[in-house]
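> In full-length UniProt numbering, the protein residues as written are 1 to 209. What follows is a structure written as structure tokens; I'll ask about it next.
Put into structure tokens, the structure is as follows:
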């Protein structure tokens, strides 16, 4: 579905290298906070008003199909968490989802319409700030979600939750209303319209070493 190196810009767009034309709109000038790694340059968000948003016309992040989201993230000691979200926020936070990478944890939250929020939380042992982590989230329809860190599966949840039908995908803010912005650095974002296998995730992680 998309691959973004977080450094190749065309005006106010971040280029998609998957040839699917899923370019990101850039809101505010986040690029001036570029930092080195994991390949060439990454983007740092300032917690104030910086974010990326993919136009709905070329995107579908609904949870009715299999998905894999992979990215590299790093937090400093004064940075609490970082969001990659798929959210329409039709009312309150409903029809939304968030993948949060925080100081010592990863968290996944779903808030479907007509249902209560579902939260899945994993504590990262010996978490280190100023260190890059490869995070991969695999969604297998409404019944199975797995989290991988640095190429290894660390958590899996079996559950039943209503589908999220959103077509909006953001980096750096919690929802489509832009109420909560987040701080952190991110690089090498990939989204697939299928569930990658354990072996594929390991190969992808090791390709950056």
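Heads up, the beta-carbon is just placed ideally off N, CA and C, and yes, glycines get one too.
1) Exposed or buried, which one is residue 206 when buried takes at least 16 other CB atoms within 10 Å?
2) Reducing DSSP to helix, strand and coil, say where residue 9 ends up.
3) Is residue 201 helix, strand or coil when you go by DSSP?
4) So what's residue 134 in DSSP terms, helix, strand or just coil?
5) Tell me which residue opens and which closes the beta strand (DSSP E) that residue 154 is part of.
6) Just the Cα atoms here: how many angstroms apart are residue 90 and residue 171?
7) Once you ignore the five residues that flank residue 190 on each side, which residues in its own chain have a CB closer than 6 Å to its CB?
8) Which residue from 12, 169, 145 puts its Cα closest to that of residue 196?
9) Check this for me: beta carbons of residue 155 and residue 122, under 7 Å apart or not?
10) Check the C-beta distance from residue 192 over to residue 1 and give it rounded, since I have them as a contact under 8 Å.
11) Express the C-alpha separation of residue 209 and residue 9 in angstroms, rounding to a whole number.
12) Can you tell me whether DSSP reads residue 25 as helix, strand or coil?
13) What would DSSP say about residue 103, mapped onto helix, strand or coil?
14) Buried or exposed: which applies to residue 32, given that a residue is buried once 16 or more other Cβ atoms fall within 10 Å of its Cβ?
15) Quickly, what does DSSP pair residue 54 with across the bridge? List them, please.
Walking through what the data contain:
1) exposed
2) strand
3) helix
4) strand
5) 152 to 158
6) Note that residue 90 has pLDDT 47, beneath the 50 cutoff, so the model's placement of it is unreliable and no number is given.
7) 3, 70
8) 145
9) yes
10) 6 Å
11) 25 Å
12) strand
13) coil
14) Bear in mind that the predicted position of residue 32 carries a pLDDT of just 44, short of 50, making it too unreliable to give a figure here.
15) 169
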